[in-house]
Amino acid sequence: MIYWELFLAFFIPNIIGYGGGPAIIPLIETEVVGRYGWMTAQTFAETLALGNALPSPIATKMAGYIGYEVAGIGGAFVAVAATVIPTLLLMLGALGLLYRHRNSPRVKRMSQWVRPVIAMMMGWLTLGFLLESVNSSGMMHTLIIGVIAGIALIRFKTHPAFVVVGALVYGGLFLG
Amino acid sequence: MFLIIDLAMSSPMTSSASWQLFWAFLRVGLLGFGGGPAMIPLVRAEVVTRHHWLTDEEFADVLAIGNTLPGPIATKMPGYIGYRVNGISGCIATVVAIILPMIVAMIVMLGIFSRYRDVGWIRGMGQAVVPVVMIMMAQLTWDFFDKSKASLGWLVSIVMAITSGGLIYWLGVHPGWVIGAILLAALLRPKSNKKAEKSA
Numbered sequence: 002m003i004y005w006e007l008f009l010a011f012f013i014p015n016i017i018g019y020g021g022g023p024a025i026i027p028l029i030e031t032e033v034v035g036r037y038g039w040m041t042a043q044t045f046a047e048t049l050a051l052g053n054a055l056p057s058p059i060a061t062k063m064a065g066y067i068g069y070e071v072a073g074i075g076g077a078f079v080a081v082a083a084t085v086i087p088t089l090l091l092m093l094g095a096l097g098l099l100y101r102h103r104n105s106p107r108v109k110r111m112s113q114w115v116r117p118v119i120a121m122m123m124g125w126l127t128l129g130f131l132l133e134s135v136n137s138s139g140m141m142h143t144l145i146i147g148v149i150a151g152i153a154l155i156r157f158k159t160h161p162a163f164v165v166v167g168a169l170v171y172g173g174l175f176l177g
Numbered sequence: 143m144f145l146i147i148d149l150a151m152s153s154p155m156t157s158s159a160s161w162q163l164f165w166a167f168l169r170v171g172l173l174g175f176g177g178g179p180a181m182i183p184l185v186r187a188e189v190v191t192r193h194h195w196l197t198d199e200e201f202a203d204v205l206a207i208g209n210t211l212p213g214p215i216a217t218k219m220p221g222y223i224g225y226r227v228n229g230i231s232g233c234i235a236t237v238v239a240i241i242l243p244m245i246v247a248m249i250v251m252l253g254i255f256s257r258y259r260d261v262g263w264i265r266g267m268g269q270a271v272v273p274v275v276m277i278m279m280a281q282l283t284w285d286f287f288d289k290s291k292a293s294l295g296w297l298v299s300i301v302m303a304i305t306s307g308g309l310i311y312w313l314g315v316h317p318g319w320v321i322g323a324i325l326l327a328a329l330l331r332p333k334s335n336k337k338a339e340k341s342a
C-alpha cells in the first residue's frame with residue numbers, strides 16, 4: 002500500500018532524526034532512494050538543490066514534493082503529515098514532561114549521541130553525490146562546479162539560491 | 143515583500159488571532175533560507191519582538207523543549223506557538239503558513255523541469271546542480287561533526303561515526319535500529335556520566 006509506505010518512509014526519519022530538518026535529509030534519502038527506489042540519486046539531488054534554493058523548512062519541502070511525485074496530492078499530504086504531526090503531537094501532549102526534562106543531561110545526551118551517526122550519513126550522502134556527478138558529468142565538470150560552488154558558499158557566504166542558479170546556467174551551457 | 147504583507151495585515155480579515163499567526167509565519171517561511179534551524183531567529187523576531195506572544199524566557203524554553211524531540215524544529219515550534227496562542231486553528235494556521243507555499247512552488251517548478259528532462263540542455267542543468275548539493279551536504283557533514291566533536295570529543299565522535307557507518311553501510315542494518323539503540327542507551331545510562339556533566 003503506497004500511502005502506508007510513504008507514511009513509514011517519512012515517519013521513521015522524523016522520529017529518529019535529531020538536529021532539525023537538515024539531519025533528516027540523509028535518513029530520507031536512505032528510504033526514498035535506497036529502500037523504496039522511488040527516486041534516483043540524480044532526481045533526489047535535483048530536488049534537494051531546489052529545496053536549498055527556496056526558503057521555508059527543508060524537511061517539509063522534500064516530503065511534500067516526494068510524496069506528490071510518488072502518489073499525487075494524497076501522497077504529498079501523507080508524507081507531510083508523517084513529517085509534521087507525530088513530533089508536534091508529542092510536543093503538545095507531553096509538554097509538562099518535556100518541560101521538566103528540557104535541561105536534563107539524559108535528554109541532551111540523546112541528541113548529542115545521535116549527531117556522529119547523522120554526520121556519518123551526511124558524509125556518505127556527500128560521497129554518493131560525488132560519484133553520481135562524476136558518473137553523469139565527468140570529473141572535470143564536477144571539479145569545476147564543486148570548487149566554484151565551494152568557494153562561493155563557504156568563503157563568500159553567497160546565498161544558496163544564487164549558487165544553484167549559477168550551476169543551472171553552467172549546466173545549460175556546457176553540459177547535456 | 144514586507145510592504146505587501148503589511149498591507150494585507152491591515153485588512154479587516156486579520157482581526158482574528160489565527161490570521162495574525164498565519165501572516166507572521168508566512169513571513170518566516172518566505173524569508174527563512176537554509177532549513178529550520180536557520181529560521182529560529184526569524185521565529186523569535188515575530189513571536190517575541192513583534193507580537194509579544196511569548197517572552198524571551200518562554201521562547202527559550204519552547205526551543206529547549208523542541209530540541210528534546212526529533213523531527214524538524216521549524217514545524218514543531220510554530221505548531222506549538224500557534225496552539226498556545228489560538229488553539230487548534232492557530233496551530234493549523236502556523237504550520238500551513240510556514241510549509242505550504244514552498245511545497246507548492248517545489249511541485250510546480252520540478253514538474254515543469256521534469257517535463258522537459260529529455261531536452262539536452264535542461265538535463266545538463268539538472269546534472270550541474272549535483273556538485274552543488276554535494277558541497278552543501280559536505281558543509282552540513284562538517285557542521286554536524288564539528289558540533290559532535292565539541293560535545294563528545296573527536297575520538298568518541300570518530301569511533302561512533304565509523305561503528306555506525308559500518309553497521310549501516312557494510313552490514314546493511316537500517317539506520318533506524320542504530321539510532322534507536324543509541325537513543326535508548328542515552329536515555330537509560332545512569333546520570334553520573336562524565337561526558338554529560340561536562341556539556342550540561
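Listed in order, the protein sequences are those of chains A and B. If you count the first sequence from 1, you need to add 1 to reach our numbering. If you count the second sequence from 1, you need to add 142 to reach our numbering. By construction, the Cβ of each residue, glycine as well, lies at the ideal position given by its N, Cα and C atoms. Predicted, not measured: the structure shown is a model, and the values here were computed from it.
For the pair I182 (chain B) and F201 (chain B), the Cα-to-Cα distance works out to about 10 Å. Bounds of any alpha helix (DSSP H) do not take in L196 (chain B), whose DSSP letter is neither H nor E. Rounded to whole angstroms, the gap between the alpha carbons of I249 (chain B) and P117 (chain A) is 33 Å. V170 (chain A) and A24 (chain A) have their C-alpha atoms some 29 Å from each other.
In terms of beta-carbon proximity, R107 (chain A) lines the interface with chain B, with at least one pair separated by less than 8 Å. Cβ neighbours of F45 (chain A) within its own chain (closer than 8 Å, five residues either side excluded): E30, V33, V34. Collapsing the DSSP output to three states places V246 (chain B) in a helix. Every unbroken stretch of the alpha helix (DSSP H) spanning 4 or more residues and falling wholly within the segment 94-138 of chain A is given here in chain order: 96-101. For a Cβ distance threshold of 8 Å, nothing in chain A lies close to Y258 (chain B): the least Cβ distance comes to about 11 Å. Chain-ordered, the chain A residues with CB closer than 7 Å to the CB of T283 (chain B) read A120, M123, G124, T127. Interface with chain A (8 Å Cβ-Cβ cutoff): N228 (chain B) is excluded.
A straight line joining the alpha-carbon of V81 (chain A) with that of A64 (chain A) spans about 5 Å.
For the segment 158-172 of chain A, the residues whose beta carbon sits under 9 Å from a beta carbon of chain B are, in order, H160, P161, A162, V164, V165, G167, A168, L169, V170, Y171, G172. Among the residues facing chain A, P317 (chain B) is included, as its CB has a counterpart in that chain under 8 Å away.
At the C-beta level, K218 (chain B) and G208 (chain B) come within 8 Å of one another. Taking CB atoms only, D203 (chain B) has a neighbour in chain A less than 8 Å away. Listed along chain A, the residues sitting closer than 7 Å to G171 (chain B) by beta-carbon distance are P56, S57. Proximity of the segment 269-281 of chain B to the segment 82-92 of chain A falls short of the contact definition, fewer than three beta-carbon pairs being nearer than 8 Å. Shortest Cα-Cα distance from L173 (chain B) to any of A:I13, A:W39, A:F157, A:P56 involves A:P56. At a cut-off of 8 Å between beta-carbon atoms, R156 (chain A) makes no contact with chain B.
Less than 8 Å divides the Cβ of I324 (chain B) from the Cβ of W114 (chain A). I240 (chain B) and V170 (chain B) do touch by the CB rule: their CB atoms are close to 6 Å apart, below 8 Å. Excluding its 5 nearest sequence neighbours in each direction, W39 (chain A) has C-beta neighbours in its own chain below 6 Å: V33, V71, listed in chain order. Taking every protein chain shown into account, the CB of K158 (chain A) has fewer than 16 other CB atoms within 10 angstroms, so this residue is exposed. For the 8 Å CB-CB criterion, A328 (chain B) and G232 (chain B) do not form a contact. One alpha carbon belongs to F78 (chain A), the other to L297 (chain B), and they sit about 42 Å apart. L98 (chain A) is classed as exposed because its beta carbon has fewer than 16 other beta carbons within 10 Å across all chains shown. Here I310 (chain B) has P317, V320 as same chain residues with Cβ atoms under 7 Å from its own Cβ, once five neighbours each way along the sequence are excluded. Annotation: Cβ neighbours of A150 (chain A) in chain B (cutoff 7 Å, chain order): P273, V274, I277. Using a Cβ-Cβ cut-off of 8 Å, G232 (chain B) does not count as an interface residue toward chain A, since no Cβ of chain A sits closer than that to its own. Taking the CA atoms as reference points, I215 (chain B) sits about 6 Å from G178 (chain B).
Taking 8 Å as the cut-off, the Cβ atoms of G76 (chain A) and K62 (chain A) do not count as close. In the structure shown, D260 (chain B) falls within a coil segment according to DSSP collapsed to helix, strand and coil. Per DSSP, the unbroken alpha helix (DSSP H) holding Y171 (chain A) starts and ends at 161-175. Around T143 (chain A), the same chain offers S134, V135 as residues with beta carbons nearer than 6 Å, after the five sequence neighbours per side are excluded. When Cβ-Cβ separations below 8 Å define contact, F8 (chain A) makes no contact with chain B.
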